[in-house]
Amino acid sequence: MSFVEIKKLVKSFGPEVAVAGIDLSVEQGEFVTLLGPSGCGKTTTLRCIAGLEHPDSGDIQIEGEYVTSATNDVFLTPE
Numbered sequence: 011m012s013f014v015e016i017k018k019l020v021k022s023f024g025p026e027v028a029v030a031g032i033d034l035s036v037e038q039g040e041f042v043t044l045l046g047p048s049g050c051g052k053t054t055t056l057r058c059i060a061g062l063e064h065p066d067s068g069d070i071q072i073e074g075e076y077v078t079s080a081t082n083d084v085f086l087t088p089e
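This note's numbering runs 10 ahead of the 1-based position in the sequence shown.
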């Protein structure tokens, strides 16, 4: 099981799509870097993982627990 699992994550701000259906799997202990040009969705993706942004669709699991799931209508805010 992946430590962080992202499936088909989509986030838009008005008509502008910031994150367009990404998939990402990170194993526990793995070191990952998000690289890309300005405006490609790196920060938005991290904000969705942290629960600071509500994605339009897609699922995010951390240690097997859904923190965001459009399918299951789940959105856990940070504590």
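Even for Gly, the Cβ is constructed at its ideal location relative to N, Cα and C.
- In terms of CA proximity to THR55, LYS17 leads the group MET11, SER12, LYS17 and PHE13.
- Excluding sequence positions up to five before and after GLU37, its CB lies within less than 8 Å of the CB of SER12 and PHE13, all in the same chain and listed in chain order.
- The beta carbons of GLY61 and THR87 sit closer together than 8 Å.
- The three-state reading of DSSP puts LEU19 in strand, counting E and B together.
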